[in-house]
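Have a look at the structure below, then the notes.
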Amino acid sequence: MKVEAWLFGITTIFLVLVTPAYWLITDAATDCNADPGVSCADWTGTSALVMTTLLTAMVTLYLGFHARRMDARPEDRIDGEIADGAGELGFFPPYSWWPFWCACTLGIIVLATAMTQWWMVVLGAALGVLTLSGWIFEYYRGEHAH
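Letter 39 of the sequence shown, counting from 1, is numbered 348 in the working numbering, and no numbers are missing.
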């Protein structure tokens, strides 16, 4: 996990340097035909770069904290062998319909918001509570309970 944290850290540093440079370069544009007192900066690209920087910083922090808490994986050790990675890797759930129903519920909420139909937002939120609770508790009952 340390290698992944370093890769995201380097990307974060790169974006921290590129974002203000992008803002300055787009602000210095002289061909925008605007008033002299109006900024010509590309706010869409600048805000996208700021959000990308924050997201990569978030992933860097998560991977860095997680790497300190867990033991070194076989691929992280110099003396690691292929056979060290054999065996059970964790729990991977079988098929589930709950993500589909959660996505449909989110679609209802987004569509209702776009159409300003607030009663549908409330209906979608109620359905969302049901579908999300079904997804969370699906392994407490039935054949896949553990």
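Here a beta-carbon is modelled for each residue, glycine too, at the ideal position from N, C-alpha and C. All figures in this text were calculated on a predicted structure; none of them were measured in a lab.
Residue i - containing alpha helix (DSSP H), residue span
{"i": "residue 373", "result": "352-378"}
{"i": "residue 305", "result": "No answer is possible for residue 305: the residues shown for the chain start at 310 and end at 455."}
{"i": "residue 416", "result": "407-423"}
{"i": "residue 314", "result": "311-336"}
Cα-Cα separation, residue i to residue j
{"i": "residue 324", "j": "residue 369", "result": "13 Å"}
{"i": "residue 411", "j": "residue 387", "result": "43 Å"}
{"i": "residue 441", "j": "residue 403", "result": "17 Å"}
{"i": "residue 435", "j": "residue 448", "result": "22 Å"}
{"i": "residue 405", "j": "residue 431", "result": "25 Å"}
{"i": "residue 389", "j": "residue 319", "result": "25 Å"}
{"i": "residue 326", "j": "residue 427", "result": "43 Å"}
{"i": "residue 419", "j": "residue 391", "result": "47 Å"}
{"i": "residue 280", "j": "residue 333", "result": "Nothing can be reported for residue 280: it is not among the residues displayed for the chain, which extend from 310 to 455."}
{"i": "residue 374", "j": "residue 381", "result": "13 Å"}
Proximal residues to residue i (C-beta, below 7 Å), its chain only, five neighbours per side dropped
{"i": "residue 331", "result": "354, 355 and 358"}
{"i": "residue 366", "result": "321"}
{"i": "residue 361", "result": "324"}
{"i": "residue 363", "result": "none"}
Pair within 8 Å by beta-carbon distance, residue i and residue j
{"i": "residue 421", "j": "residue 429", "result": "yes"}
{"i": "residue 443", "j": "residue 417", "result": "no"}
{"i": "residue 393", "j": "residue 408", "result": "no"}
{"i": "residue 372", "j": "residue 317", "result": "yes"}
{"i": "residue 335", "j": "residue 351", "result": "yes"}
Spatial neighbours of residue i in its chain, beta-carbon cut-off 8 Å, leaving aside the 5 residues before and after
{"i": "residue 396", "result": "none"}
Counted within 10 angstroms of its Cβ, other Cβ atoms place residue i as buried (16 or more) or exposed
{"i": "residue 439", "result": "exposed"}
{"i": "residue 425", "result": "exposed"}
Chain-order list of residues whose beta-carbon lies under 6 Å from that of residue i (same chain, five-residue window excluded)
{"i": "residue 475", "result": "Nothing in the structure corresponds to residue 475, since the chain is present only between 310 and 455."}
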